[in-house]
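Engineer: One structure coming up, written as C-alpha cells, with questions to follow.
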Amino acid sequence: MKNRTVIIIAENNSLITSLLNSDEAATRAQLDFAAATLQKQDTRLGEIIERVGRCELDFRQLHNPFNTLVRSIIYQQLNGKAASVIHARTVANLATGRTLKPDDIFAASEETMRACGLSRAKQLALRDLALRTKDGTIPTLARLQRMTDEEIIERLTTVRGIGRWTVEMLLMFRLGRPDVLPVGDFAICKAAMLMDGLESFPKPKDLTARGEVWRPFRTVASWYLWRSLDNSG
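Straight run, no breaks: the sequence shown in our numbering ends on number 233.
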C-alpha cells in the first residue's frame, strides 16, 4: 500500500500499521519498543523519555467516523464540560436512533439546533459533514483503515470546520496511527522549543525536519513532548 507507514516490531518481525490493538499486552509491547527506539535515535528526546517514564497513550477505538467527526466539530473552541453538555443535548434532541445519522442533521431545523447550543458556524459544519457523508466523501471505517494518513487528512479536511489538527488527533488517538507529528499544535511547538533550547517556536517546516529522526514513531514522540510540559513550569 503506497506511503503506508509500517512499523517492524523486532521481537517477532510483525508488520504494524496501528498502535491500537485488541490485545493490551501487544499494544504495551509496541509502545515500549517505540520509546526504546526513540531513546536511541534522539538523545534530547531520550532525556524526556527517561524523565516521563512509560508511554501511556490513551486510545479510543473509532467505530463510526460520522459520529466521531460530529463530536469533534461540537467540541471545537469549547471547554470540555460545556462541549459535553452541548453534544449530549444534540444527540438527545436530533437522533432518531441510538446515534446520530446524516438524515437527523438534515431534518433538524435551525431553531432546534440553536436550542441545543450549536452556533451558526457549527450548524453549517454539521450539515456539510452530513452531506459529505451521504455522498461518500467521508469514508467508511473499513475504507479509512486502508487509507494512508495523508489520504485521510486530504479527504476529511474537505468538510467545513474540520482542519488538519482535528484529523491528526483522530489519526493518533482513534486510529492509533504510529507516525503522526502535529507540527501546528501549540504545545508540541513549545515543547520542541524548550527541548532544543530555541529562542522561539520552530516553524512547521523546521519542526517537520527535526522530527524526521523520530520516524516511524512520531506519534509516540509527540506524546512525550506533550508530557514534557507537565512539570516544565
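Where a beta carbon is used, it is the ideal one built from N, C-alpha and C, also for glycine.
Closest by CA to TRP165, which one among ARG146, LEU144, MET147, ALA187?
Structural biologist: Here residue 165 refers to the residue found at position 165 of the sequence shown. TRP165 has its Cα closest to that of ALA187, out of ARG146, LEU144, MET147, ALA187.
Engineer: Distance check for MET195 and ARG89, CA to CA, integer angstroms please.
Structural biologist: Here residue 89 corresponds to residue number 89 of the sequence shown, with the count starting at 1. Here residue 195 corresponds to residue number 195 of the sequence shown, with the count starting at 1. Going by the C-alpha atoms only, they are around 42 Å apart.
Engineer: Between GLY46, GLU47, LEU62, which lies nearest to LEU19 when the distance is taken from Cα to Cα?
Structural biologist: Start at 1 with the first residue of the sequence shown, and residue 19 comes out as number 19. The shortest CA-to-CA distance from LEU19 to any of GLY46, GLU47, LEU62 is the one to LEU62.
Engineer: Specify, as a first and last residue, the run of the alpha helix (DSSP H) that ASP104 falls within.
Structural biologist: As a working note, residue 104 is residue 104 in the sequence shown. 102-107 is the span of the alpha helix (DSSP H), which, as asked, contains ASP104.
Engineer: Starting from ALA121, follow the alpha helix (DSSP H) in both directions and report where the run begins and ends.
Structural biologist: What you label residue 121 is simply residue 121 of the sequence shown in a count that begins at 1. 120-134 is the extent of the alpha helix (DSSP H) around ALA121.
Engineer: Thinking just about the alpha-carbon of each residue, which of VAL183, ARG127, ASP58, SER200 is nearest to the one in VAL70?
Structural biologist: Along the sequence shown, read from residue 1 onward, the residue named residue 70 stands at position 70. For VAL70, the nearest C-alpha among the options comes from ARG127.
Engineer: Sorted by chain position, which residues of the same chain lie with C-beta nearer than 6 Å to LYS134's C-beta, five sequence neighbours on each side aside?
Structural biologist: For the purposes of this step, residue 134 is taken as residue 134 along the sequence shown, with counting starting at 1. Result list for LYS134: PRO102, in chain order.
Engineer: Taking DSSP as the reference, what is the three-state secondary structure of LYS190?
Structural biologist: Reading the sequence shown from its first residue, position 190 is the one you call residue 190. Helix, per DSSP.
Engineer: Rounded to the nearest angstrom, what separates VAL6 and ASP206 at their Cα positions?
Structural biologist: The count along the sequence shown starts at 1 and reaches residue 6 at position 6. The count along the sequence shown starts at 1 and reaches residue 206 at position 206. Because the pLDDT of VAL6 is 41, which lies under 50, any placement of that residue in the model is unreliable, and the question is left without a value.
Engineer: Check whether the stretch 28-45 and the stretch 205-224 touch, using three or more Cβ-Cβ pairs below 8 Å as the test.
Structural biologist: Look at the beta carbons and you see the stretch 28-45 touching the stretch 205-224: at least three pairs across the two are nearer than 8 Å.
Engineer: Give the DSSP-derived three-state secondary structure of ARG174 in the structure shown.
Structural biologist: In the sequence shown, residue 174 corresponds to position 174, counting from 1. Reduced to three states, the DSSP call for ARG174 is coil.
Engineer: Between the alpha carbons of VAL167 and THR157, how many angstroms are there, rounded?
Structural biologist: Walking along the sequence shown from the start, residue 167 turns up at place 167. Walking along the sequence shown from the start, residue 157 turns up at place 157. If you take the alpha carbons of VAL167 and THR157, they lie about 7 Å apart.
Engineer: If LEU118 and VAL159 are in contact, beta carbons under 8 Å, what's the gap, nearest whole angstrom?
Structural biologist: For this step, residue 118 is matched to residue 118 along the sequence shown. For this step, residue 159 is matched to residue 159 along the sequence shown. Actually they do not touch by this definition, with Cβ atoms about 16 Å apart.
Engineer: Taking only the alpha-carbon atoms, compute the straight-line gap between ALA121 and ARG51 and give it to the nearest angstrom.
Structural biologist: Your numbering for residue 121 matches position 121 in the sequence shown. Your numbering for residue 51 matches position 51 in the sequence shown. For ALA121 and ARG51, the distance between alpha carbons rounds to 42 Å.
Engineer: Starting from the C-beta of TRP226, find all residues in its chain whose C-beta is less than 6 Å away, skip the five residues before and the five after it, and write them out in chain order.
Structural biologist: Along the sequence shown, one-based indexing puts residue 226 at 226. Beyond the five residues adjoining it in sequence on each side, TRP226 comes within less than 6 Å, by CB distance, of ALA187 in the same chain, given in chain order.
Engineer: Does the count of Cβ pairs from the stretch 144-155 and the stretch 42-58 closer than 8 Å reach three?
Structural biologist: no
Engineer: How many angstroms separate the CA atom of LYS81 from the CA atom of ILE73?
Structural biologist: Here residue 81 is taken as the residue at index 81 of the sequence shown, counted from 1. Here residue 73 is taken as the residue at index 73 of the sequence shown, counted from 1. One C-alpha to the other measures close to 15 Å.
Engineer: To the nearest whole angstrom, what separates the beta carbons of GLN123 and GLU110, a pair I think is in contact under 8 Å?
Structural biologist: Within the sequence shown, the letter at position 123 stands for residue 123. Within the sequence shown, the letter at position 110 stands for residue 110. At roughly 6 Å, the Cβ-Cβ gap stays under 8 Å, so GLN123 and GLU110 are in contact.
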